[in-house]
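*Asks:* If you're matching positions, the sequence shown starts at 45 in our numbering and goes up one per residue.
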Amino acid sequence: MFEGFTGLLLRPGDDGYDEARRVWNGAVDRRPAFVARCLSTADVVAAIRFGVRHGLTIAVRGGGHSIPGHSVCEGGLVVDLSPMKSIRVEGRVVQVGPGVLWRELDAVTEAHGLAVPGGEISDTGVAGLTLGGGIGWLSRKYGLACDNLVAARVVTADGTVLDVSEDDHADLLWGLRGGGGNFGVVTRFTFRLNPIPVPLFAGMAMHPLDREPLRAFFDLAAHAPDDLGLNAALITAPPEPFVPAELRGRPVVVLAAGYLGPYGEGVELTRTLREGAHLDTFGALRYTALQSMADAATPPGLAAHVRSEWLGPMSGDAVDALVEAAERMTSPLNQTLVRIMGGAIARVPPDSTAFRFREAAAMLTLAALWSDSSDDGEPHRAWARSAWTALRPWSAGGAYVNHLDDEGRARVREAYGTETWAKLVDLKTRYDPTNVFHHNNNVPPRRTQRPE
Ligand SMILES: Cc1cc2nc3c(=O)[nH]c(=O)nc-3n(C[C@H](O)[C@H](O)[C@H](O)COP(=O)(O)OP(=O)(O)OC[C@H]3O[C@@H](n4cnc5c(N)ncnc54)[C@H](O)[C@@H]3O)c2cc1C
45 MFEGFTGLLL RPGDDGYDEA RRVWNGAVDR RPAFVARCLS TADVVAAIRF
95 GVRHGLTIAV RGGGHSIPGH SVCEGGLVVD LSPMKSIRVE GRVVQVGPGV
145 LWRELDAVTE AHGLAVPGGE ISDTGVAGLT LGGGIGWLSR KYGLACDNLV
195 AARVVTADGT VLDVSEDDHA DLLWGLRGGG GNFGVVTRFT FRLNPIPVPL
245 FAGMAMHPLD REPLRAFFDL AAHAPDDLGL NAALITAPPE PFVPAELRGR
295 PVVVLAAGYL GPYGEGVELT RTLREGAHLD TFGALRYTAL QSMADAATPP
345 GLAAHVRSEW LGPMSGDAVD ALVEAAERMT SPLNQTLVRI MGGAIARVPP
395 DSTAFRFREA AAMLTLAALW SDSSDDGEPH RAWARSAWTA LRPWSAGGAY
445 VNHLDDEGRA RVREAYGTET WAKLVDLKTR YDPTNVFHHN NNVPPRRTQR
495 PE
């Protein structure tokens, strides 16, 4: 049926079909007509040609962590890249297959004392995270994941295979650095590698929910060196043995950091984050351990609804607004997260990649999470929306495309800004004029002939 396809084709009723259609967000329950589990670029070409010939909606799956579940479609065809797991380190670059998860890549590169800046949860996919930008512990020092993408192999909508770099199809490389899955299916990523200390100084400090620790966090963030990655999480402390008894089940502020400089400097730099903490895990940590430190808070299968926003300086009552948002959380799993941007992220000229919001001081993520995916979760969704509305006065102008939920076309456009959007539409019109790749945070081509 799929001419030339050597992978595994799954249809409803087949063994493994239900597992293959499951994505990270447990609220997403879609039944594709086909899941094409690809083993090679040639398989991807065969699958896309089949999908286009039969007018199927095509969803592309890497690590399956798209928040609105873009990597699975109702009816249609999932081009599932998860079996394509190759990782090859060659000096200061690494070639990565599109099914690789960050924990798999980090384990290989850490053995060389090297890393690609990735996200902060280890089971997210390298593919989707990179194509939308990719913000993580190393980004203030080495830039976004997409800033470290130096080449890619791409299957376009008509099944053509292109090797993309600064020298060939440089326009497409520009688009892959933040423009998401709009232009084709990437079957190989080539990244620059960066040195990391093994181990590094990192950890987290847990405080009862209060304004003072957050003020200390923002004071530090305002003049932090690039070597320091910083996050704040306002959550409900889990009922785990490592959490002091008095905090279990209570709202807390978790201040986390990773430092790439000398250990003693890290101790001194993070002192104000740790003062008065009820739990302090800071110490020597492997990068791979830092990368998985928060994994338990977002296991696959939880139902999720997310709002995010780039933040400017957190002046005036911003800390009050954050604390009030956390006090109103409706589920013990909800999270209010602030990731500090700046450093190398901000030094890349905004028009040199499709990722636009480089001047933001921080990124806000409001994640409503609940465990019963049969529940529509409306109170939790409403919390995310109202907390987002309350924090919008500190907006730097839009959202992170990788943290968009189903929020409509205007919000996708806002995530790119007017000038970048216009360039993206040009690129889309050139490489995917009929919008074959529309099951994503879509940039429609001009005169689209398919649903946007
Ligand atoms: C628990 C959790 C933690 C997260 N943490 C971070 C974080 O720390 N930093 C951060 O920046 N982001 C983070 N994100 C957001 C994350 O970047 C996006 O969800 C991203 O899309 C995940 O990539 P994936 O490959 O796992 O997803 P998938 O769902 O497989 O893919 C998402 C979309 O990317 C496109 N795509 C995927 N692979 C390809 C490919 N090979 N070629 C073309 N298009 C492709 C498709 O449009 C697809 O629908 C997090 C998300 C979750 C759920």
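C-beta: ideal position from N, C-alpha, C; glycine also.
From a predicted model like this one, the values you see are computed outputs, not experimental measurements.
Once the 5 residues before and after Ile-165 are set aside, which same chain residues still bring their CB inside 7 Å of it?
*Replies:* Once the five neighbours on either side are set aside, the close Cβ partners of Ile-165 are Ala-338, Asp-339 and Thr-342.
*Asks:* Determine, for Val-298, whether the minimum Cβ-Cβ distance to residues of chain B falls below 8 Å.
*Replies:* In the displayed structure, chain B is absent; only one protein chain is listed.
*Asks:* Which runs of the alpha helix (DSSP H) at least 4 residues long sit entirely within the region 168 to 223? Give them in chain order.
*Replies:* Listed in chain order, they are 170 to 176, 183 to 186 and 214 to 220.
*Asks:* Spell out the partners DSSP gives Val-133 in its beta bridges.
*Replies:* BP columns for Val-133 point to Val-138.
*Asks:* Please classify Glu-47: does DSSP put it in a helix, a strand, or coil?
*Replies:* Glu-47 falls in the coil class under three-state DSSP.
*Asks:* Can you give me the start and stop residues for the beta strand (DSSP E) that Arg-383 sits inside?
*Replies:* Counting along the chain, the beta strand (DSSP E) containing Arg-383 begins and ends at 379 to 384.
*Asks:* Just to confirm before moving on: does the CB-CB distance between Arg-194 and Gly-228 stay below 8 Å?
*Replies:* It should be pointed out that residue 194 corresponds to Val in this sequence rather than to Arg. For Val-194 and Gly-228, no; Cβs fall outside 8 Å.
*Asks:* Output the residue ranges of the alpha helix (DSSP H) runs that lie fully inside the region 412 to 436 and measure 4 residues or longer, sorted by chain position.
*Replies:* Taking only runs of at least 4 residues, the alpha helix (DSSP H) segments lying wholly in the region 412 to 436 are 422 to 435.
*Asks:* Once DSSP output is grouped into helix, strand and coil, what is the label at Asn-275?
*Replies:* Reduced to three states, the DSSP call for Asn-275 is strand.
*Asks:* Have a look at Asp-191 and Arg-221 and give me their C-alpha separation to the nearest angstrom.
*Replies:* Rounded to whole angstroms, Asp-191 to Arg-221 spans 7 Å at the Cα level.
*Asks:* Taking C-alpha atoms, which residue in His-156, Leu-274, Asn-226 and Gly-187 lies nearest to Trp-465?
*Replies:* Among His-156, Leu-274, Asn-226 and Gly-187, the Cα nearest to that of Trp-465 belongs to Asn-226.
*Asks:* Skipping 5 residues on each side, what residues in its chain have a beta carbon closer than 8 Å to that of Ile-147?
*Replies:* In the sequence under discussion, the amino acid at residue 147 is Arg, which differs from the Ile named in the question. Answer for Arg-147: Ser-166, Asp-167, Thr-332, Gln-335 and Ser-336, listed in chain order.
*Asks:* How about Gly-60 and Leu-54: do their beta carbons lie closer than 8 Å?
*Replies:* The answer is yes: Cβ separation under 8 Å.
*Asks:* To the nearest angstrom, report how far apart Leu-413 and Leu-125 are at their CA atoms.
*Replies:* Their Cα atoms are separated by approximately 27 Å.
*Asks:* Tell me the DSSP secondary structure of Val-160 in three-state form.
*Replies:* DSSP places Val-160 in coil when its eight states are reduced to three.
*Asks:* Using beta-carbon positions only, say whether Pro-243 and Leu-299 come within less than 8 Å of one another.
*Replies:* Result no, Cβ atoms of Pro-243 and Leu-299 do not sit closer than 8 Å.
*Asks:* By how many angstroms is the C-alpha of His-482 removed from the C-alpha of Asp-73?
*Replies:* Taking the straight line from one Cα to the other gives about 19 Å.
*Asks:* Count the other CB atoms within 10 Å of the CB of Asp-150; is the residue buried (16 or more) or exposed (fewer)?
*Replies:* Label assigned to Asp-150: buried.
*Asks:* Measuring only from the beta carbon, is Glu-164 closer than 7 Å to any heavy atom that is part of ligand 1?
*Replies:* Yes, Cβ of Glu-164 sits closer than 7 Å to a heavy atom of ligand 1.
*Asks:* In the DSSP assignment, the beta strand (DSSP E) including Leu-52 goes from what residue to what residue?
*Replies:* Its beta strand (DSSP E) spans residues 52 to 54.
*Asks:* Run the proximity test for Thr-101: is its beta-carbon closer than 7 Å to any non-hydrogen atom belonging to ligand 1?
*Replies:* Not under cutoff, so the answer is no.
*Asks:* Is the Cβ-Cβ distance between Gly-106 and Gly-172 less than 8 Å?
*Replies:* Yes, the Cβ-Cβ distance between Gly-106 and Gly-172 is below 8 Å.
*Asks:* Exposed or buried, Met-45, counting other C-beta atoms within 10 Å across all chains shown (16 or more means buried)?
*Replies:* Exposed.
*Asks:* Less than 8 Å separating the beta-carbons of Ile-384 and Ala-201?
*Replies:* No, these two residues do not count as a Cβ contact at 8 Å.
*Asks:* In the structure shown, what three-state DSSP assignment does Glu-353 receive?
*Replies:* Reduced to three states, the DSSP call for Glu-353 is strand.
*Asks:* Taking contact to mean 3 or more Cβ pairs, one atom from each stretch, closer than 8 Å, check whether the region 376 to 393 and the region 106 to 121 are in contact.
*Replies:* Not touching, per the Cβ criterion.
*Asks:* Given Leu-278, which residues of its chain have a CB within under 6 Å of its CB, disregarding the five upstream and five downstream residues?
*Replies:* The residues are Val-297, Ala-370 and Thr-380.
*Asks:* Exposed or buried, what is Glu-63 when buried is set at 16 or more other beta-carbons lying within 10 Å of its beta-carbon?
*Replies:* Label assigned to Glu-63: exposed.
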